[in-house]
Amino acid sequence: MHELTRKLLKAGPAGRIVRQFEIEVMLGGSRARRYGVVNRLLANGGLIRLRRGVYLIPDPKGGTTGSPALAANAIQPGSYLSFESALAFHGLIPEGVRVSLSACQGRSREFSNPLGLFTYTSIPTVPGRFLEGVESTDTGMGSALIATPLRAIADLAYARRLSVPARAFLVGSMRIDEEDIDRIEPSAIVSLEGCFRSARVRAFLRSLRDERSSG
């Protein structure tokens, strides 16, 4: 095991995400030396590159891949896990999601690495309300920014340009249990309506609120 790997594992558990500056502090020496050490670790599996300057520490014994939600947050700072990925995390949809789907500000992006495909969809909101309906959630390996079920649904409505009755889509297409829909507080829907610039999303949320209130 390389000395850097021992230092990284001593500083935190396998599955932890580290950034370039942390490695530079631990290694010291010249830039060329640090570059060479990191490349050797990447080649022999001592580090996993998530994107330039962001790495995952694998378990030397194998089996630990880390938290996809934490990885998604780290790959694109300021983003949060959303859409089907957040709904699956909360246990609202029956099947897992192979792609890690996140919302971001600015342009939409996509990254592929050994953990899988990570996509980031730009969600326009009114100033200061981008993270409304997003919570710091324990993943078992640390806290990650993950959309609440309601925010994930609203983001999905924007990304898919949904204009159908909300409840029919959520139950019929997403296979979300009606009981889970009925747990959504109408006041939370009203608050989130004011967060989105998209008239289509606001209409979708109003549909969800009206159907929820009369259900």
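According to the working numbering, numbering within the sequence shown proceeds without interruption in unit steps and concludes at 1400.
All C-beta atoms in this analysis are idealised placements derived from N, C-alpha and C, irrespective of residue type, glycine included.
Presumed contact (8 Å Cβ cut-off) between residue i and residue j, rounded CB distance
{"i": "Ser1287", "j": "Ser1267", "result": "6 Å"}
{"i": "Ser1270", "j": "Ser1293", "result": "Rounded, the Cβ-Cβ distance is 15 Å, inconsistent with contact."}
{"i": "Pro1299", "j": "Ile1233", "result": "5 Å"}
{"i": "Ala1259", "j": "Leu1235", "result": "6 Å"}
{"i": "Gly1200", "j": "Asp1244", "result": "7 Å"}
{"i": "Ile1331", "j": "Ala1254", "result": "6 Å"}
{"i": "Pro1312", "j": "Leu1277", "result": "The pair is not a contact, with the Cβ atoms about 29 Å apart (cut-off 8 Å)."}
One or two residues paired with residue i in a DSSP bridge
{"i": "Tyr1265", "result": "Ala1288"}
{"i": "Glu1295", "result": "Thr1304"}
{"i": "Arg1241", "result": "The identity of residue 1241 in the sequence shown is Leu, whereas the question assumes Arg. Ile1202, Ile1233, per the DSSP bridge assignment."}
{"i": "Thr1322", "result": "Ala1329"}
{"i": "Phe1381", "result": "Thr1310"}
Beta-carbon spacing of residue i, residue j below 8 Å
{"i": "Leu1289", "j": "Gly1318", "result": "Checking the displayed sequence, the identity of residue 1289 turns out to be Cys instead of Leu. It is not a contact, given that the beta carbons lie outside the stated cut-off."}
{"i": "Ile1374", "j": "Arg1394", "result": "yes"}
{"i": "Pro1279", "j": "Arg1360", "result": "yes"}
{"i": "Gln1205", "j": "Gly1230", "result": "no"}
{"i": "Ala1351", "j": "Val1386", "result": "no"}
{"i": "Val1356", "j": "Glu1364", "result": "no"}
{"i": "Val1203", "j": "Ile1242", "result": "yes"}
{"i": "Ala1329", "j": "Ser1252", "result": "yes"}
{"i": "Ala1337", "j": "Phe1389", "result": "no"}
{"i": "Arg1368", "j": "Glu1378", "result": "no"}
Should the stretch 1382-1391 be regarded as contacting the stretch 1316-1333, the criterion being three or more beta carbon pairs within less than 8 Å?
In this structure the stretch 1382-1391 does not touch the stretch 1316-1333; the number of beta carbon pairs closer than 8 Å is below three.
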